[in-house]
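Number of protein chains: 4
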Amino acid sequence: MGPGDNASKIDLDRAYELGQYIAQEGWVLLTGGRKAGVMDAASQGAKAAGGLTIGILPRDNTSKISEGVDIAIVTDMGNARNNINVLSSDVVIACGMGIGTASEIALALKNGKQVVLLTDNQDSQKFFTSLSPQQVFLTISPEVAINFVKASLTKIL
Amino acid sequence: MGPGDNASKIDLDRAYELGQYIAQEGWVLLTGGRKAGVMDAASQGAKAAGGLTIGILPRDNTSKISEGVDIAIVTDMGNARNNINVLSSDVVIACGMGIGTASEIALALKNGKQVVLLTDNQDSQKFFTSLSPQQVFLTISPEVAINFVKASLTKIL
Amino acid sequence: MGPGDNASKIDLDRAYELGQYIAQEGWVLLTGGRKAGVMDAASQGAKAAGGLTIGILPRDNTSKISEGVDIAIVTDMGNARNNINVLSSDVVIACGMGIGTASEIALALKNGKQVVLLTDNQDSQKFFTSLSPQQVFLTISPEVAINFVKASLTKIL
Amino acid sequence: MGPGDNASKIDLDRAYELGQYIAQEGWVLLTGGRKAGVMDAASQGAKAAGGLTIGILPRDNTSKISEGVDIAIVTDMGNARNNINVLSSDVVIACGMGIGTASEIALALKNGKQVVLLTDNQDSQKFFTSLSPQQVFLTISPEVAINFVKASLTKIL
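The listed protein sequences derive, respectively, from chains A, B, C and D. 1 is the number of the first residue of the first sequence in our numbering; add one for each residue after it. 1001 is the number of the first residue of the second sequence in our numbering; add one for each residue after it. 2001 is the number of the first residue of the third sequence in our numbering; add one for each residue after it. 3001 is the number of the first residue of the fourth sequence in our numbering; add one for each residue after it.
Right, here's the structure in full:
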């Protein structure tokens, strides 16, 4: 999960790298599916590494699907689809920060999911850690994020 | 909006007071509708002052509806109903802070709504103000919150 | 519930009459809220008789709300909001027939609600009665429909 | 799409066969994902033929997922998830008939999708054909259904 329309260059690079790692691990990548920002970069990275990608789309507008998405789930629910994104994920990685990303992090915590904050945004690190310290893991390295997810999956699955 | 199961005494007092003010202004109160925490206190306050109250419920379980709710909208959508709560509100007041409340604030900002943070939680004040300074108003006084809403409604309606 | 954009003159007349009866009984009218067809006619009828009306809207587009709606719930969920319409109703009256109405009737039956079919459409009468005979009541009279609802509410409430 | 808890033996056999054909065509199978009835049989058939299967689940209860589902999308939206099922499908095949299936057919028609009714239920054939003749194709043969879908996809994709 991460910013769609206001992603920074570093967010996009990290998202692409995350997508590659996720595919290399043999995991399925699930994003918000739009052709924008972190969801697009992560999907493209996963496809470049031969992975399988799911996109949970807010609307029925096929022209705006990321080309990196294999399977498009069309919700037509706008931002309420963020709850489906996190419920359908074993672990949530938030790459970058913004309003929509904040809603996904909060919904992930509410639904009992582990969340990796891959961001330099210190206000968000402090806030979400204070809300639920055991569920939040902080890093700025995609590789460290993936290793944390791997360890978490061992406990869940 | 505000904590359901982990509301503090001061959150509940402020929520009750907010409900009273909202009813006295002749506005309709919309909450998450459950018989718990801030949503229950605000609904009870509004009813005590003769107001009309709506509850947007996560599930179809009538025994858990706040007795202060006049009209129950049953979504059966769990936390995804938070998006309906904020979309259906002219202005959102967050009274207290928690994971669910954070998701509602983020969704309200995402949907372009004005949000009043009525909380002593400084991490949340700093974080949400940094995300969208023009949309966030900070106060710890129910009366000041209501006056801000009144001024906002003049611009919206 | 009933056709939005393809309602017949007789559907609209019956819907207006239903709205009036519902208001006269002191019940709250819940519709799909748009300024179109049966939902608009029923809301206008209820307002003319001094009732309270709720509209569960598919999108956030205030210009298309029926003028007969007092309280607009904005779902931004398109046709998925039909499930909320029926879950939030004590009894469902389908006035007229069409694709959207058929989905609401089926969802109402699925959620265990009583459904009144107020329609001359014999194919729909036969089909829905065969699916769940105990839940379906047939009539072409708004007055008979209201009397059936009154009797049903006695059992539910 | 088809009955979950009240599927007949013939519905299950046809669903299994449909799943096999869908996998053999190289298409992705999308169902409601539960370990019950037509959705389970179709998913098992597709897996037996080496296909990829998606399940759009109503709740977050992993024990009830069909073992034939590869990718589980958890909506926690109950029957409102039926709208996502049909929006995410290129063509909808209804195998058997029941209340939930009727809601999916109606929602599919409402969203402009082609629907194949693979059922012996004549009331449903007559009713849905009358609602939208161009969108409804009738057959009782899985093979004929698949050939119709193949022809439809040529026009859509």
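The beta-carbon is built from N, C-alpha and C at its ideal position, and this holds for glycine as well.
Reference residue i; option with closest CA among the options
i	options	result
L2126 of chain C	C:L2107, C:V2144, C:V2149 and C:A2102	It should be noted that the sequence gives Lys, not Leu, for residue 2126 of chain C. Taking only the C-alpha atoms, the option nearest K2126 of chain C is C:A2102.
V115 of chain A	A:V92, A:E25 and A:A49	A:V92
Y2016 of chain C	C:G2045, C:T2031, C:R2034 and C:L2029	C:G2045
A1007 of chain B	B:T1154, B:G1098, B:V1136 and B:L1029	B:G1098
G33 of chain A	A:G78, A:A151, A:L117 and A:S130	A:G78
V3069 of chain D	D:D3013, D:L3087, D:I3010 and D:L3029	D:L3029
A2072 of chain C	B:I1084, B:E1067 and B:A1048	B:I1084
K2204 of chain C	C:V2086, C:L2138, C:G2100 and C:S2124	The question about residue 2204 of chain C has no answer, for chain C in this structure spans 2001 to 2157.
V1136 of chain B	B:I1105, B:D1123 and B:G1100	B:I1105
Cα-Cα separation, residue i to residue j
i	j	result
N3082 of chain D	N2082 of chain C	11 Å
W27 of chain A	G51 of chain A	8 Å
L3107 of chain D	S3089 of chain D	12 Å
I54 of chain A	F1148 of chain B	43 Å
I3056 of chain D	M3001 of chain D	11 Å
P2058 of chain C	D5 of chain A	25 Å
S1132 of chain B	I140 of chain A	23 Å
Q1134 of chain B	T31 of chain A	29 Å
E2025 of chain C	G2019 of chain C	10 Å
G96 of chain A	D3013 of chain D	49 Å
N3111 of chain D	A1080 of chain B	22 Å
A2151 of chain C	K2035 of chain C	30 Å
T75 of chain A	N61 of chain A	11 Å
A3048 of chain D	S3066 of chain D	13 Å
T1129 of chain B	N121 of chain A	13 Å
D1011 of chain B	G1037 of chain B	8 Å
K3009 of chain D	A3094 of chain D	15 Å
I2156 of chain C	L118 of chain A	51 Å
Y1021 of chain B	D1123 of chain B	27 Å
L2109 of chain C	P3003 of chain D	14 Å
L153 of chain A	A2023 of chain C	56 Å
L2138 of chain C	K2064 of chain C	31 Å
G100 of chain A	P1142 of chain B	27 Å
Sheet register partners of residue i (DSSP bridge)
i	result
V3074 of chain D	D:L3057
L3153 of chain D	Partner(s): none; L3153 of chain D has no beta bridge.
V1028 of chain B	B:L1052
I3065 of chain D	D:R3034
Closer than 7 Å: residue i CB and nearest the ligand FAD heavy atom
i	result
T1031 of chain B	For the structure depicted, the ligand FAD is absent and the ligand set is empty, with no information on it obtainable.
*Please name the residues in the stretch 2058–2084 of chain C whose beta-carbon is closer than 7 Å to at least one beta-carbon of chain E, in chain order.*
Structure shown: chain E not included; protein chains present are A, B, C and D.
*asked:* Please give the ranges of any alpha helix (DSSP H) in the stretch 83–151 of chain A, keeping only runs that are unbroken, at least 4 residues long and fully inside the region.
replied: 99–110 and 122–131
*If we count Cβ pairs, one from each stretch, closer than 8 Å, do we get three or more for the stretch 2130–2147 of chain C versus the stretch 2035–2044 of chain C?*
no
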